[in-house]
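A.B. asks: Residues 518 to 892 (our numbering) make up the sequence shown, in order. Here a beta-carbon is modelled for each residue, glycine too, at the ideal position from N, C-alpha and C. I'd like to ask you about the structure that follows.
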Amino acid sequence: TVGQTITCKAAVAWEAGKELSIEDIEVLPPRAHEVRIQIYYTGVCHTDAYTLSGKDPEGAFPVVLGHEGAGIVESVGEGVTNVKPGDHVVALYTPECGECKFCKSGKTNLCGKIRATQGKGVMPDGTSRFKCKGKDLLHFMGTSTFSQYTVVADISVVAVQPEAPLDRTCLLGCGITTGYGAARVTAKVEEGSNIAVFGAGCVGLSVVQGAVINKAGKIIVVDVNPAKEEWAKKFGATDFVNPNDLKDQTIVEKLIEMTDGGCDYTFDCTGNVNVMRAALEACHKGWGESIVIGVAAAGQEISTRPFQLVTGRVWKGCAFGGIKGRSQMKDLVSDYMSGALKVDEFITHRKKLGEMNQAFEDMKAGDCIRAVVDM
Ligand code: NAD
Ligand code: AHE
Ligand code: ZN
Ligand code: ZN
Numbered sequence: 518t519v520g521q522t523i524t525c526k527a528a529v530a531w532e533a534g535k536e537l538s539i540e541d542i543e544v545l546p547p548r549a550h551e552v553r554i555q556i557y558y559t560g561v562c563h564t565d566a567y568t569l570s571g572k573d574p575e576g577a578f579p580v581v582l583g584h585e586g587a588g589i590v591e592s593v594g595e596g597v598t599n600v601k602p603g604d605h606v607v608a609l610y611t612p613e614c615g616e617c618k619f620c621k622s623g624k625t626n627l628c629g630k631i632r633a634t635q636g637k638g639v640m641p642d643g644t645s646r647f648k649c650k651g652k653d654l655l656h657f658m659g660t661s662t663f664s665q666y667t668v669v670a671d672i673s674v675v676a677v678q679p680e681a682p683l684d685r686t687c688l689l690g691c692g693i694t695t696g697y698g699a700a701r702v703t704a705k706v707e708e709g710s711n712i713a714v715f716g717a718g719c720v721g722l723s724v725v726q727g728a729v730i731n732k733a734g735k736i737i738v739v740d741v742n743p744a745k746e747e748w749a750k751k752f753g754a755t756d757f758v759n760p761n762d763l764k765d766q767t768i769v770e771k772l773i774e775m776t777d778g779g780c781d782y783t784f785d786c787t788g789n790v791n792v793m794r795a796a797l798e799a800c801h802k803g804w805g806e807s808i809v810i811g812v813a814a815a816g817q818e819i820s821t822r823p824f825q826l827v828t829g830r831v832w833k834g835c836a837f838g839g840i841k842g843r844s845q846m847k848d849l850v851s852d853y854m855s856g857a858l859k860v861d862e863f864i865t866h867r868k869k870l871g872e873m874n875q876a877f878e879d880m881k882a883g884d885c886i887r888a889v890v891d892m
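Listed below in structure tokens is the structure:
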């Protein structure tokens with residue numbers, strides 16, 4: 518198949534707000550500095566549903582969604598040196614070129630090299646590698662993992678240990694890495710520090726995992742779903758608070774009381790802008806830092822009294838946890854293989870490609886942490 522167009526199945530989003538359709542699509546061969554990957558497994562993340570809903574200002578259709586995928590390299594274009602056919606890989610929606618201003622700054626994992634074309638849903642040369650029914654389909658987040666074969670830029674892929682099962686490593690493509698990185702790389706949670714995590718989904722529970730490894734003191738999980746208490750404790754949270762159970766206190770007052778003045782670090786893993794405000798205001802005066810991870814709908818804005826910042830609280834955020842995919846993914850896989858990083862526990866639902874819409878339904882139900890789709 519090297520150099521040839523491959524026909525395979527993919528879940529295509531023809532229009533915002535509509536179900537995905539399983540179609541036969543054509544996947545063109547990789548051009549220079551591109552890699553064609555056979556996707557074996559993909560997770561489904563809330564950001565896929567967000568874009569499908571039509572609320573993402575960058576959302577464009579028709580498109581092949583999906584950004585939490587793992588597979589095996591089928592072929593590579595001219596000039597590709599970082600991966601070769603047969604390599605087990607994870608797709609990276611946050612690429613790493615190593616040479617742009619961002620990559621060289623040492624201050625961020627964001628890479629600027631292909632961000633503009635990635636946001637427009639095309640490959641770096643401005644064109645698409647997907648066709649269906651005579652039409653071009655757009656790419657998504659530089660990954661498009663809801664297809665049996667996808668083409669990505671070489672800087673958007675990393676080879677990982679072949680011993681690691683692909684139905685687990687796919688989840689390192691977004692949710693788990695995002696939370697784990699937010700705690701360990703972005704916040705750099707210190708030993709004994711008190712933290713609060715708002716939202717105990719895949720992202721929030723992975724913040725908890727990172728905080729446990731960094732030996733945090735109190736790890737308080739806040740969630741409106743009472744069933745999340747058991748999940749939080751299983752991953753190492755020391756406390757659980759359901760804001761709906763509070764009588765004469767706000768969640769901010771409760772957290773300040775529990776931590777003798779406020780948290781050292783808080784994390785929004787809900788995407789709700791009111792929660793983001795509470796997370797900031799629950800931080801300790803003088804130094805508490807709040808990390809925004811959740812993705813809020815277009816048009817939503819955050820607010821607080823500037824006095825919160827004047828008095829030393831810090832508001833920041835991160836994408837992909839601040840992790841540099843090509844430099845650091847192998848270490849995450851090692852953490853998984855050594856048992857330090859839990860991954861298997863997150864998989865509550867499994868589906869086949871033909872059941873992709875059901876996987877979206879599963880994700881929206883309260884008992885789902887991650888649905889993994891066998892492509
Ligand atoms: P999830 O839906 O599985 O988990 C969210 C949790 O928040 C749920 O348990 C829900 O009960 C809880 N929740 C909802 N409203 C709440 C409230 N008002 N107070 C407390 N808890 C509340 O989602 P997830 O997959 O863990 O993703 C979390 C968010 O992170 C999403 O917005 C997603 O789009 C975003 N995300 C961002 C990045 C990034 O790089 N920045 C990466 C992955 C996901
Ligand atoms: N296009 C959206 C923003 C979506 C967003 O924030 N995406 C995160 C990853 S979420 C993964 O589940 C991200 O990587 N952001 C950094 C970037 O460069 O996109 C919008 O609202 O415009
Ligand atoms: Zn995601
Ligand atoms: Zn770069």
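So, are the CB atoms of Arg685 and Val544 less than 9 Å apart?
C.D. replies: The residue labelled residue 685 in the question sits at position 168 within the sequence shown. The residue labelled residue 544 in the question sits at position 27 within the sequence shown. In this structure, Val544 does not lie closer than 9 Å to Arg685 by Cβ.
A.B. asks: Tell me whether Thr505, by its Cβ, gets closer than 8 Å to a heavy atom of ligand 3.
C.D. replies: This structure cannot speak to residue 505, because the chain is shown only from 518 to 892.
A.B. asks: For my contact list, Gln521 and Gln665 are in at a C-beta cut-off of 8 Å; report their separation, rounded to the angstrom.
C.D. replies: As a working note, residue 521 is residue 4 in the sequence shown. As a working note, residue 665 is residue 148 in the sequence shown. Wrong, their Cβ atoms sit about 15 Å apart, outside the cutoff.
A.B. asks: On the DSSP letters alone, give me the boundaries of the alpha helix (DSSP H) that Ser851 sits inside.
C.D. replies: The residue labelled residue 851 in the question sits at position 334 within the sequence shown. Counting along the chain, the alpha helix (DSSP H) containing Ser851 begins and ends at 842–855.
A.B. asks: Give the range of the alpha helix (DSSP H) segment to which Arg830 is assigned.
C.D. replies: Stepping through the sequence shown from its first residue, residue 830 is reached at position 313. Unbroken run through Arg830: none, as it is neither H nor E.
A.B. asks: Report yes if the C-beta of Val812 is less than 8 Å from at least one heavy atom of ligand 1; otherwise report no.
C.D. replies: Within the sequence shown, the letter at position 295 stands for residue 812. Yes, ligand 1 has a heavy atom inside 8 Å of this Cβ.
A.B. asks: Under the three-state reduction of DSSP, which class applies to Val668: helix, strand or coil?
C.D. replies: Within the sequence shown, numbered from 1, the residue matching residue 668 stands at position 151. Strand.
A.B. asks: Find the nearest neighbour of Met658 within the set Lys881, Arg632, Arg843, judged by alpha-carbon distance.
C.D. replies: Your numbering for residue 658 matches position 141 in the sequence shown. If we check each option's Cα against that of Met658, Arg632 comes out closest.
A.B. asks: Curious, which full-length alpha helix (DSSP H) runs of at least 4 residues does the segment 708–782 contain?
C.D. replies: 719–730, 745–751, 768–775
A.B. asks: In whole angstroms, give me the CA-to-CA distance for Gly839 and Glu806.
C.D. replies: In the sequence shown, residue 839 corresponds to position 322, counting from 1. In the sequence shown, residue 806 corresponds to position 289, counting from 1. One C-alpha to the other measures close to 15 Å.
A.B. asks: For ligand 2, I want to know if Phe877 counts as a neighbour, meaning its beta carbon is within less than 8 Å of at least one of the ligand's heavy atoms.
C.D. replies: Locating residue 877 in the sequence shown gives position 360, counting from the first residue. Not so, every heavy atom of ligand 2 lies at least 8 Å from the Cβ.
A.B. asks: Could you work out which residue in Cys780, Val519, Met873, Gly834 is closest to Val581 when comparing CA atoms only?
C.D. replies: Here the question's residue 581 lines up with position 64 in the sequence shown. That would be Met873, whose Cα lies nearest to the Cα of Val581.
A.B. asks: From Ser673 to Met880, what distance separates their C-alpha atoms?
C.D. replies: Against the sequence shown, residue 673 aligns to sequence position 156. Against the sequence shown, residue 880 aligns to sequence position 363. About 25 Å.
A.B. asks: At the level of alpha carbons, what is the spacing between Phe663 and His656?
C.D. replies: Mapped onto the sequence shown, residue 663 falls at position 146. Mapped onto the sequence shown, residue 656 falls at position 139. Answer to the nearest angstrom: the Cα atoms are 10 Å apart.
A.B. asks: Starting from Lys621, trace the alpha helix (DSSP H) both ways and give me its first and last residue.
C.D. replies: Stepping through the sequence shown from its first residue, residue 621 is reached at position 104. Taken as a continuous stretch (DSSP letters only), the alpha helix (DSSP H) holding Lys621 covers 618–622.
A.B. asks: Determine which residues share a DSSP beta bridge with Val914 and list them.
C.D. replies: No answer is possible for residue 914: the residues shown for the chain start at 518 and end at 892.
A.B. asks: In chain order, which continuous runs of the beta strand (DSSP E) of length 3 or greater are located wholly inside the segment 519–543?
C.D. replies: 523–529
A.B. asks: Less than 9 Å between the beta carbons of Tyr782 and Ala700, yes or no?
C.D. replies: By 1-based counting over the sequence shown, the position of residue 782 is 265. By 1-based counting over the sequence shown, the position of residue 700 is 183. Yes, these two residues count as a Cβ contact at 9 Å.
A.B. asks: Going by the DSSP bridge assignment, what does Thr559 pair with across the sheet?
C.D. replies: Counted from its first residue, the sequence shown places residue 559 at position 42. Answer is Gly586, Val890, bridged to Thr559.
A.B. asks: Give the DSSP bridge partners of Arg867, in chain order.
C.D. replies: Reading the sequence shown from its first residue, position 350 is the one you call residue 867. For Arg867, which the question treats as bridged, DSSP gives the partners Val889.
A.B. asks: Give the straight-line distance between the Cα atoms of Ile542 and Ile773, rounded to the nearest whole angstrom.
C.D. replies: Your numbering for residue 542 matches position 25 in the sequence shown. Your numbering for residue 773 matches position 256 in the sequence shown. Between Ile542 and Ile773, the C-alpha separation is close to 54 Å.
A.B. asks: Touch check for the segment 722–740 and the segment 707–714: three-plus C-beta pairs under 8 Å?
C.D. replies: yes
A.B. asks: Can Ile589 and Tyr557 be called in contact, C-beta distance under 9 Å?
C.D. replies: Walking along the sequence shown from the start, residue 589 turns up at place 72. Walking along the sequence shown from the start, residue 557 turns up at place 40. In this structure, Tyr557 lies closer than 9 Å to Ile589 by Cβ.
A.B. asks: State the Cα-Cα distance for the pair Glu746 and Lys650, rounded to the nearest angstrom.
C.D. replies: The residue given as residue 746 occupies position 229 in the sequence shown. The residue given as residue 650 occupies position 133 in the sequence shown. Spanning the two alpha carbons is a distance of roughly 48 Å.
A.B. asks: Looking at the secondary structure, which residues open and close the alpha helix (DSSP H) in which Phe877 lies?
C.D. replies: Residue 877 sits at position 360 when you count from the first residue of the sequence shown. Its alpha helix (DSSP H) spans residues 873–881.
A.B. asks: So which of Cys800, Thr787, Gln845 has the shortest CA-CA distance to Val827?
C.D. replies: Working through the sequence shown from its first residue, we reach residue 827 at position 310. Of Cys800, Thr787, Gln845, the residue nearest in Cα terms is Cys800.
A.B. asks: With 16 as the cutoff for other CB atoms within 10 Å, does Phe784 come out buried or exposed?
C.D. replies: Position 267 of the sequence shown holds residue 784. Burial call: buried.
A.B. asks: Three or more C-beta pairs closer than 8 Å, one from the segment 635–644 and one from the segment 859–874: is that the case here?
C.D. replies: no
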